[in-house]
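First up is the structure itself, then whatever we jot down about it.
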Amino acid sequence: MNSGVFSREATGGAVARGGFEYQDAFVLQNLPKWLAQDAFSHVVSETRGDVEVCYFSGSDVVLRSLYEAKGYELAASAFWSELADFKKIHHESPTEYVRFGLVCRSFVAAVEPLLNMLERLRGVLTSHPASSPVVRDARDQIATWMAGKGRGAIAEFVMDRVEFIEFADEAAEPAFAGEFDRMFSVLDLRATERTALKDQFKALIATSSQGPLHRDNLERAICFVSTAAKSTWITTPRRLQLASGGMEDLRVPLEAFDGTERANLGPGDWRALQERIATLAQFLSGSSDRRQISVDGKHRMSASCTLGYQLSAVRGFHLQVHHNGAVYRTDLHDAEPDEFFAAAQTAGELNGTEGVVCIGFPTPVGGDLNASGIPNLQKLARLDLVSSGVINGMPTLNAAVRQAKTAMVRFRSEHGLSTLHLVVKAPSVFAMILGYRLNGVGRIQLYDWADSTYKPTALLE
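Here the sequence shown is numbered in this note's numbering, starting from 146 and rising by one per residue.
Below you can see the structure in the form of structure tokens.
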């Protein structure tokens, strides 16, 4: 593939770059918005496009929004040529270059009908589902109009992937303060601090044609201009979405691990999930000094425990888990003094290096495990932790997790075990925070209830 990164068009700006130009102004005004997007990784200028905004994808592929920034009104022929170039770049690297933007001071009248139709499609018509006849009719009209201009071959691509932005560069500096406050009002910067931050950002942007401008540099600039803002910023959580969705959000899709199809998942699927979360953890650590992660806590036992294990305390993360209207924060360590669990042990028929731990509240696990018909588990030494208690706050949750972990470690040590088969039947927030604290317990095989039995899921090592 001829990438075009060494072409005259791609390198001309980088070689001749001087001062605060049109595309720099566009980057400055939009940096607050991009920085507020949790998957935003870096921005770079003068590669395939004038500006590329890059996002963490969960793999080694970087998702890119490519912008061409023209500080003038493009002629219609140049307008269509830019769209054709976008389509070519996407065709050459479809998993990398996924979104495009044409930024101009204004657009010629000849293309206004297209822009007006697209504005309606992406505006009021989003109130209809994508399958709606109203939406299909609108798309058909746009495709027909473009076909009439001899551009029918790129109609679907333009509708799905190209944004058109009118931008006046002289407005960027005055607009910066408002954009930053809109995205980060919690920081409450003074006017002098916003001005200092703007100057910091401008200096960083000026380097973006020599190499990527990463989010950690931008975050540190915020912390540099205000001690008070630094304190707030460092403790502001990054949001992790646990479902499929847009490229701007940090995501670990758990639908397959939460739904009925989880009964068909094998060890490879659970290893892949752990690898994805581990890759996310590396991005989180490498892209920011912030270690607070906000997540939804209502998931299946194994998915919850696996997520907590990979974003664990020993890796330096703090979780804010939202569960049934409450928020449980792992940076709060107070614990109730009372015992949460009653413990009981059962000797196994097989003496070996494996044992079973069943944690159940308010309903014990044991009956389900006995009925599941898994002979290899039923013959092992077993620790049952049961409780009639409820999780009514972080102190209770801390007590339950600490007592469970202590009992597991003691059970493993007393029986000389290397592997614990862990079956949990409890509120999912407990499973997540237990996973978060599971370091030092040894090799853990998790199980989920599916198809009227317990099935092995993730192996935590």
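Built from N, CA and C at the ideal position, the CB exists for glycine as well.
For residue i, count the other beta carbons within 10 Å of its own beta carbon; 16 or more makes it buried, fewer makes it exposed. Which is it?
i	result
residue 603	buried
residue 335	exposed
residue 233	exposed
residue 331	exposed
residue 177	buried
residue 596	exposed
residue 213	buried
residue 157	In this prediction, residue 157 has a pLDDT of 48, which is less than 50 and means its spatial position is unreliable; nothing more can be read from the coordinates.
residue 599	buried
residue 454	buried
residue 510	buried
residue 260	exposed
residue 285	exposed
residue 495	exposed
residue 571	buried
residue 444	buried
residue 353	buried
Quick one: measure Cβ to Cβ for residue i and residue j, integer angstroms, because I've assumed they're closer than 8 Å.
i	j	result
residue 567	residue 589	5 Å
residue 452	residue 577	6 Å
residue 184	residue 392	6 Å
residue 288	residue 270	In fact, because the Cβ distance is near 15 Å, the residues do not count as touching under 8 Å.
residue 582	residue 539	With a Cβ gap of about 13 Å, residue 582 and residue 539 do not count as contacting.
residue 561	residue 525	Between residue 525 and residue 561 the Cβ distance is about 13 Å, and since that is not below 8 Å, they are no contact.
residue 342	residue 370	5 Å
residue 543	residue 479	7 Å
residue 396	residue 438	Going by Cβ atoms, the distance from residue 396 to residue 438 rounds to 13 Å, so no, they are not a contact pair.
residue 387	residue 426	Going by Cβ atoms, the distance from residue 387 to residue 426 rounds to 14 Å, so no, they are not a contact pair.
residue 586	residue 547	Wrong, their Cβ atoms sit about 12 Å apart, outside the cutoff.
residue 579	residue 591	With 8 Å as the limit, residue 579 and residue 591 do not qualify as a contact, their Cβ atoms being about 10 Å apart.
Within 6 Å: the Cβ of residue i and any heavy atom of the ligand GTP?
i	result
residue 424	Among the ligands in the structure shown, none appear at all, so the ligand GTP cannot be discussed.
Once DSSP output is grouped into helix, strand and coil, what is the label at residue i?
i	result
residue 486	coil
residue 273	coil
residue 184	coil
residue 590	strand
residue 153	Any reading at residue 153 must be qualified, since the residue scores a pLDDT of 48, below 50, and its modelled position is unreliable; the value itself is stated next. DSSP places residue 153 in helix when its eight states are reduced to three.
residue 123	Lying before the first or after the last residue shown, residue 123 is absent from the chain, which here runs from 146 to 606.
residue 438	strand
residue 193	coil
residue 158	With a pLDDT of 49 at residue 158, under the threshold of 50, the modelled position of this residue cannot be trusted, and the question is left open.
residue 310	strand
residue 252	strand
residue 478	coil
residue 370	helix
residue 340	helix
residue 466	strand
residue 583	coil
residue 380	coil
residue 329	coil
residue 334	coil
residue 456	coil
residue 220	coil
Sort out for me which residues DSSP pairs residue i with in a bridge.
i	result
residue 396	386
residue 213	247
residue 104	In the structure as shown, the chain starts at 146 and stops at 606, and residue 104 therefore has no counterpart that could be examined.
residue 500	526, 565
residue 492	Answer is none; residue 492 lacks a bridge partner.
residue 237	None, per the DSSP bridge assignment.
residue 570	505
residue 359	187
residue 242	209
Pick out whichever of the options has its Cα sitting closest to the Cα of residue i.
i	options	result
residue 349	571, 606, 189	189
residue 318	571, 562, 172	172
residue 215	314, 285, 240, 238	314
residue 219	530, 249, 306	249
residue 301	240, 229, 278	229
residue 298	406, 231, 547, 533	231
residue 257	508, 224, 499	224
residue 375	435, 413, 180	435
residue 361	241, 457, 432	432
residue 241	276, 207, 494	207
residue 402	438, 377, 593	593
residue 472	252, 199, 575, 339	575
residue 113	352, 441, 385, 557	Any property of residue 113 remains undetermined from this structure, which presents the chain solely from 146 to 606.
residue 430	179, 169, 186, 167	186
residue 325	426, 390, 181	181
residue 483	416, 444, 327, 534	534
residue 193	166, 246, 201	246
residue 255	222, 359, 226, 485	222
residue 252	470, 412, 312	312
residue 211	199, 204, 203	199
residue 467	340, 573, 170	573
Using a C-beta cutoff of 7 Å, does residue i count as contacting chain C?
i	result
residue 562	Looking for chain C here will not work: only one protein chain is present.
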